[in-house]
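Residue numbering for the sequence shown follows the UniProt record's numbering, starting at 1 and increasing by one per position.
In what follows, a single structure is set out as structure tokens and then discussed.
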Amino acid sequence: MAQGAGGWTMPAEVGPVEFLPVLDVPEPGRQRRLTVFFRWLILIPHFIVLWVLSIAAFFAVVVGWFAALFTAHLPAPIARFLTGFVGYDTRLMASQSLLVDQYPPFALRPPQSYPVRIEVRPGRLNRLAVLFRLILMIPAAIINGLLGTGWIALAFFLWLITLVLGRMPRPVFEATAAVARFRMRFAAYALMLTSAYPKGLFGDQRTAEPPASATRPLVMSGGGIALLIVFLVLGLAADVSNSVWGSDGSSHKDSGTVNTLGR
């Protein structure tokens, strides 16, 4: 509140609130062991479709970047396509990571009955942030990469646990959903579908309102947070290991070249 000349107060101006993209995933339930066993195999057609869509998305975002730089908005057709692309990628991610058992639809706009949904609200963009988007997204890209690498490092064990139990344990569900949601928010920011920087990695505060889904809000337990930290640590360890082994390989190659030249 600001103090006026006569002692009265006036409300401070409140700027527009950035909408943070939302991911809806249902509560973890029973999964068919047969579909869990062959999950990645049966998703191969989706991987091919996503690869084709990613090529179209690349050209769409290049055109959209120039448009947003001058108009501060993505053109509506590009925004709709990129939103559909992010949704398709997120539904595929949810299926391959065993968050849901239902097979994802081959559609940019899924039917209302499909349980995994995203909510993105493309709007006005800051031109300066658009200009430097590639630089601004580097910290979030690093976190997203560490999460993905860490999850992949444990993917076999998570798959085996789900296969044996016939369902995903709650802490595993929470950590995996957090990875999927951060990935979705990062993609939405990178593709200029939102001006809200990716955040909320370690979950949301519990609210008085009834939850809309298991991830809205995503209230994480201690076990879920601990597993998420393990993902980050494993991702960092993998990157450091690759850097060390890569530098050792380069040094051995260089020394071999020097010895050859010395002869």
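For every residue, glycine included, the Cβ atom is placed at its ideal position computed from N, Cα and C.
What are the boundary residues of the alpha helix (DSSP H) that includes E174?
170 to 190
Status (buried if at least 16 other CB within 10 Å, exposed otherwise) for W151
buried
Measure the Cβ-Cβ separation of I118 and L23 and say whether it is below 8 Å.
yes
Mapping the DSSP letters down to three states, classify V120 as helix, strand or coil.
coil
Across the stretch 155 to 167 and the stretch 30 to 47, are there enough close Cβ pairs to call them in contact, namely three or more that are closer than 8 Å?
Yes, they touch.
Are the CB atoms of P28 and F202 nearer to each other than 8 Å?
No, these two residues do not count as a Cβ contact at 8 Å.
Identify, in the order they occur along the chain, each residue of the same chain with its Cβ nearer than 8 Å to the Cβ of P111, setting aside the five sequence neighbours on each side.
Contacts found: P105.
Just verifying my parser: in three-state terms, what is the DSSP assignment at S97?
coil
Can you tell which of F47, A196, L20 has its C-alpha closest to the C-alpha of M137?
A196
Cβ-based burial, F182 [other Cβ within 10 Å; buried from 16]
With 16 or more other Cβ atoms within 10 Å, it is buried.
Of the choices W245, I142, M184, whose alpha-carbon is the least far from that of L236?
I142
DSSP bridge partner residues for R167 (one or two, in chain order)
R30, per the DSSP bridge assignment.
In whole angstroms, give me the CA-to-CA distance for P122 and A56.
19 Å
According to DSSP, simplified to helix, strand and coil, what is L232?
helix
Burial state of P139 (16 or more Cβ within 10 Å):
exposed
By Cβ distance below 7 Å, which residues in the same chain neighbour T215 in space, the five residues on each side in sequence not counted?
L23, D24, V25, A177, R181, listed in sequence order.
Backbone secondary structure at S213 - three-state DSSP
strand
List the endpoints of the continuous beta strand (DSSP E) containing L23.
22 to 24
Taking Cβ positions, are T194 and F19 nearer each other than 8 Å?
Cβ distance < 8 Å, so T194 and F19 count as in contact.
Less than 7 Å between C-beta atoms, sequence neighbours within five positions excluded: which residues of the same chain meet that for L227?
P171, V172, A175
Once DSSP output is grouped into helix, strand and coil, what is the label at F106?
The answer is coil: DSSP assigns F106 none of H, G, I, E or B.
So, helix, strand or coil for T149, using DSSP?
helix
Cβ shell of M93 (< 6 Å), same chain only, five flanking positions each side left out:
A180
Distance, V120 Cα to A129 Cα:
Here the alpha carbon of A129 sits roughly 18 Å from the alpha carbon of V120.
With a CB to CB cut of under 7 Å and the five nearest residues on each side skipped, what residues in its chain are close to A60?
I78, F81, L82
Just the Cα atoms here: how many angstroms apart are G87 and I48?
Here the alpha carbon of G87 sits roughly 16 Å from the alpha carbon of I48.
Just verifying my parser: in three-state terms, what is the DSSP assignment at Y88?
helix
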